[in-house]
Amino acid sequence: MLMAGGLYAWLAGVRAAAPPVPNIATSVEVLDRDGRLLRPFALADGRWRLKAELSDVDRRYVDMLVAYEDKRFFQHGGVDPLALVRAAGQLLTHGRILSGGSTLTMQVARLMEPRGERGLAAKWKAKWHEMRRAIQLESQLTKREILGLYL
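Heads up: the sequence shown begins at -12 in this note's numbering, then just goes up one per residue.
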């Protein structure tokens, strides 16, 4: 009971300390006079990130994305404890994680605040930060907004 109370207090503190949602950097796009894409430019790190609204994406694609990446997306608050337990079990039994425990919201957190983690300790620290940030994002945004940021 004491642990549950402590967890509840921690979660309340995480949500209360939520910083503003930063913008995700997108590629510069050159459009024609009718708004059609002529040429995108890669980001400074060489990656492409084109703007997409959830309403622009085929619903079947979104359904497949959620089914593949995070089937309990609409049931959790940013962190999926069952997925984390599964990933930890795989690490213990196979020596590596076969299917990760990151939720779509945690992946959005990683897109917003990329970290160049090196080494096991830094990776665990980054994962902890992603979980914390995912809980904050879930308190600030709707599931549709989170999916829109992921796309």
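Using N, Cα and C, we set each Cβ at its ideal position, and we do this for glycine too.
Residue 40 in three-state terms, based on DSSP = Counted from its first residue, the sequence shown places residue 40 at position 53. Under the three-state reduction of DSSP output, residue 40 falls in the coil class, being neither helix nor strand.
Taking Cβ to Cβ, would you say residue 56 is nearer than 9 Å to residue 91?
-> By 1-based counting over the sequence shown, the position of residue 56 is 69. By 1-based counting over the sequence shown, the position of residue 91 is 104. Yes; because the gap between Cβ atoms is below 9 Å, this pair is in contact.
Under the three-state DSSP convention, the category residue 128 falls into = Taking the first residue of the sequence shown as 1, we reach residue 128 at position 141. In the structure shown, residue 128 sits in coil (DSSP, three-state: anything other than H, G, I, E or B).
Cα-Cα separation between residue 70 and residue 60, rounded to whole angstroms | Counting from one through the sequence shown, the residue named residue 70 turns up at place 83. Counting from one through the sequence shown, the residue named residue 60 turns up at place 73. Between residue 70 and residue 60, the C-alpha separation is close to 11 Å.
Flag this pair as yes or no: are the beta carbons of residue 87 and residue 96 separated by less than 9 Å?
-> Indexing the sequence shown from 1 puts residue 87 at position 100. Indexing the sequence shown from 1 puts residue 96 at position 109. Contact flag unset, no.
So which of 89, 16, 41 has the shortest CA-CA distance to residue 29?
-> Sequence index remark: in the sequence shown, residue 29 carries index 42 (1-based). The candidate whose alpha carbon is nearest that of residue 29 is 16.
For the alpha helix (DSSP H) that residue 95 lies in, which residues bound it at each end?
-> Within the sequence shown, residue 95 is the residue found at index 108, counting from 1. Here the alpha helix (DSSP H) through residue 95 covers 91 to 99.
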